[in-house]
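Line order of the protein sequences matches chains D and V.
All residue numbers for the first sequence refer to this note's numbering, where the first residue is -3 and numbers rise by one.
All residue numbers for the second sequence refer to this note's numbering, where the first residue is -3 and numbers rise by one.
Backbone N, C-alpha and C define an ideal beta-carbon position, used for all residues, glycine too.
There are 2 protein chains.
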Amino acid sequence: MAPPPPSPPPPPRTSAHDREFLRGYDVTQFDRPSVTVDVCVFTVADGDIEVVLVRRREPPFVGAWALPGGFVGIDESLEGAATRKLAEETGIRDIWLEQLYTFGEPSRDPRTRVITVAYYALVPRERLEGQVRAGAGAAETAWFRIVDGRGGRIGLEAREGGERPEMAFDHASIVETAVRRIRGKLEYTTIAFELLPREFTLTELQQVYETILRRRLAKAAFRRKVLSAGVLKEAKGTRRGGHRPAQLYRFVGRGR
Amino acid sequence: MAPPPPSPPPPPRTSAHDREFLRGYDVTQFDRPSVTVDVCVFTVADGDIEVVLVRRREPPFVGAWALPGGFVGIDESLEGAATRKLAEETGIRDIWLEQLYTFGEPSRDPRTRVITVAYYALVPRERLEGQVRAGAGAAETAWFRIVDGRGGRIGLEAREGGERPEMAFDHASIVETAVRRIRGKLEYTTIAFELLPREFTLTELQQVYETILRRRLAKAAFRRKVLSAGVLKEAKGTRRGGHRPAQLYRFVGRGR
DNA sequence: TGAATAGTGTCTATAAGACAATATCCC
DNA sequence: GGGATATTGTCTTATAGACACTATTCA
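Shown next, in the form of structure tokens:
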């Protein structure tokens, strides 16, 4: 092989010509959509997936349940906006967050054209005890169990009385997309660990998988597979509770 | 189980209160980012992945290579905008398209705050012969081979002389994200078939997999797996060429 | 000691990888 | 027939699922 020739220094990101153009650039020359973020925060509790919603106290959809979210600041990153709105409206902070999908049908918001970048978050149940409270723009926050309905639809569990909570905008569709994404990624990523505290037992891990996948897994095979993946490290103690104590593990990812 | 009570009719999507509010709603009360779409069109040719780029003839980044894309119309869906801009700038139309990710770092465009919703598309090589041409806003279009560089980076193949084509904005990062996504989804979806014509041989299918995954696959195992998946139907003819002719297949998905 | 859960061992069925044998075409 | 590729068969190895057995704690 011939040795590679020396590479020239990279050109500047903006040229002098560009800078001149930019001075005369008018951002108002096009009609622009508004951009929001919405966040689906999920946890696993007692064999169910749950999502946190806030009750709207401003139009549109006053009184309906919505995902925490809101407008993106002009100098704010998308993930930054998602983190900020989540903290403002629900008090939840310092959690794992990942972009889900961007929903932009022209009719999805009755006010005007609004494109929303949806995120999903997974959080251990314990982290939330006493932490969730209604903040700015939210009249109330609550957890809703996710259930699988007929026709493969995924939605909120019906209340006593049989009616399902009404969701604002296309947020029901966003939640459904998020649940499908999590189910898909569960098997080839390590997102399950985001739903568990720092230390956990293999049975607790298996319960997370069983809840999200909606089926029982064989215990022996599950343990073999998880342990051979080499992403867990034995922790010091055990979890005790009336029976044989269970070894605690910690997620360490590849290596270490 | 108790029989479910009759469910009340769903409430209207917007209430009278909402409508009154909307009459007075001022969309200009917030600073709004601009929103664009960008499209990564990939094909597989001669053992390489290739992406189509257009040379910019307007600032910023005049002369640099960019993904086909542009501003989203105020009443236009995101996918509609992606389809439209792709046709306008490259002449490519009627192809499979899927949303990739939304890039929104505040500094990613020197003009103003621009959030871009990126899409990726897969198209059979044959479909493009003579179809790709530079259109509105593009000085030139060209195909670039994708190569894996040191440190796990994915980028454009260097030209003769050793320099790599300069890409506008954060488009190099978008292309890299798209290639990773395709590599990941190849194994658990049927996107590979989007890269092949209506009828193809199993060897051609295997070559698509080998190109994208960058490794040789065992022929017997590959055939067993693909055929047992039940998504192919034998087509009428064979592909002839100096050797034993190969059976043609057609992708039919589940069932039929 | 018994109930309950943790953890391990074994057998079988299935799938993946390696390798080779056979089949069919064109020249 | 020879070259080249298509297609199938077989053997080995790895993995998943089912099932049962052992281990440990607390009441």
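Which of helix, strand or coil DSSP assigns to residue i
i         : result
Arg240(V) : coil
Ser30(V)  : strand
Glu85(V)  : helix
Leu213(D) : coil
Phe165(V) : coil
Gly65(D)  : strand
Arg52(V)  : strand
Ile142(V) : strand
Arg194(V) : coil
Thr186(D) : coil
Val128(D) : coil
Ala135(V) : strand
Thr307(V) : With chain V running from -3 to 252 in the structure shown, residue 307(V) is simply not present.
Gly151(D) : strand
Val222(D) : helix
Glu159(V) : coil
Val40(D)  : strand
Val47(D)  : strand
Arg235(V) : strand
Arg250(V) : coil
Pro2(V)   : With a pLDDT of 42 at Pro2(V), under the threshold of 50, the modelled position of this residue cannot be trusted, and the question is left open.
Own chain partners of residue i with C-beta closer than 6 Å, once the 5 adjacent residues on each side are dropped
i         : result
Glu295(D) : An answer regarding residue 295(D) cannot be provided, because it is not within the stretch -3 to 252 covered by chain D.
Arg141(V) : Asp44, Glu46, Glu153
Phe218(D) : Gln202
Gly100(D) : Ile111
Pro29(V)  : Arg109, Ile111
Tyr97(V)  : Ala114, Thr173
Leu82(V)  : Val35, Pro64, Ile88
Arg53(V)  : Ala135
Gly145(V) : Gly151
Residues near residue i in its chain [Cβ-Cβ closer than 7 Å; skip 5 each side]
i         : result
Val128(V) : Val48, Thr86, Gly87, Ile88, Thr137
Arg51(V)  : Gly59, Trp61, Ala134, Ala135, Glu136
Val68(D)  : Val31, Thr32, Val33, Leu74, Ala77
Leu63(V)  : Asp34, Val35, Cys36, Leu49, His167, Ile170
Gly131(V) : Glu84, Glu85, Thr86, Gly87
Pro7(D)   : Unreliable positioning characterises Pro7(D) in this predicted model, as indicated by a pLDDT of 43, which lies under 50. The coordinate reading is nonetheless provided below. Closer than 7 Å at the Cβ level, and outside the excluded window around Pro7(D), lies no residue.
Val222(V) : Leu198, Leu201, Leu228
Arg107(V) : Pro56
Glu94(D)  : Tyr115, Tyr116
Ala188(V) : Leu182, Leu201, Val204, Tyr205
Pro241(D) : Thr234, Arg235
Arg155(D) : Pro161
Cross-strand partners of residue i (DSSP beta bridge)
i         : result
Val113(V) : Val33(V), Thr98(V)
Tyr245(D) : Phe196(D), Glu230(D)
Phe57(V)  : Answer is none; Phe57(V) lacks a bridge partner.
Leu74(V)  : Paired residues: none, contrary to the question.
Leu118(V) : Phe38(V), Trp92(V)
Sequence-distant residues of its chain with Cβ nearer than 8 Å to residue i (five each side left out)
i         : result
Leu213(D) : Gln202, Tyr205, Glu206
Arg104(D) : Val110, Thr112, Phe165, Asp166
Leu244(V) : Glu195, Phe196, Thr197, Glu230, Ala231, Lys232, Gly233, Thr234, Arg235
Gly226(V) : Arg250
Thr79(D)  : Arg89, Leu93
Handout entry: the segment 193 to 202 of chain V in contact with the segment 221 to 239 of chain V per 3-pair CB rule at 8 Å
Key = yes
Exercise for the section: Select from the segment 51 to 69 of chain D all residues with a C-beta closer than 9 Å to any C-beta belonging to chain V, and list them in chain order. Expected result: Glu54, Pro55, Pro56, Phe57, Val58, Gly59, Ala60, Phe67, Val68, Gly69
Exercise for the section: State whether the segment 41 to 59 of chain D contacts the segment 155 to 165 of chain D, with contact taken as three or more CB pairs (one from each stretch) at a distance under 8 Å. Expected result: yes
Handout entry: Residues of the segment 119 to 149 of chain V whose Cβ lies closer than 9 Å to any Cβ of chain D, in chain order
Key = none
Problem - Near-chain V residues of the segment 93 to 122 of chain D - C-beta to any C-beta below 7 Å - result: Gln95, Tyr97, Thr98, Gly100, Glu101, Pro102, Pro106, Arg107, Thr108, Arg109, Ile111, Val113
Problem - Sufficient close CB pairs (3 or more, under 8 Å) joining the segment 141 to 159 of chain V to the segment 169 to 179 of chain V - result: yes
Practice task
Evaluate the contact criterion for the segment 73 to 87 of chain V versus the segment 27 to 47 of chain D: three or more CB pairs, one atom per stretch, below 8 Å.
Solution key: no
Problem - Residues of the segment 186 to 200 of chain D whose Cβ lies closer than 9 Å to any Cβ of chain V, in chain order - result: none
Problem - chain V contacts made by the segment 146 to 176 of chain D, where a contact means CB separation under 7 Å - result: Gly157, Gly158, Glu159, Glu162
Handout entry: the segment 228 to 251 of chain V: positions lying closer than 9 Å to chain D by Cβ
Key = none
Practice task
Return the residues of the segment 27 to 38 of chain V that lie within a Cβ-Cβ distance of less than 7 Å from chain D, sorted by chain order.
Solution key: Asp27, Arg28, Pro29, Ser30, Val31
Practice task
Please name the residues in the segment 71 to 86 of chain V whose beta-carbon is closer than 8 Å to at least one beta-carbon of chain D, in chain order.
Solution key: Asp71, Glu72, Ser73, Leu74
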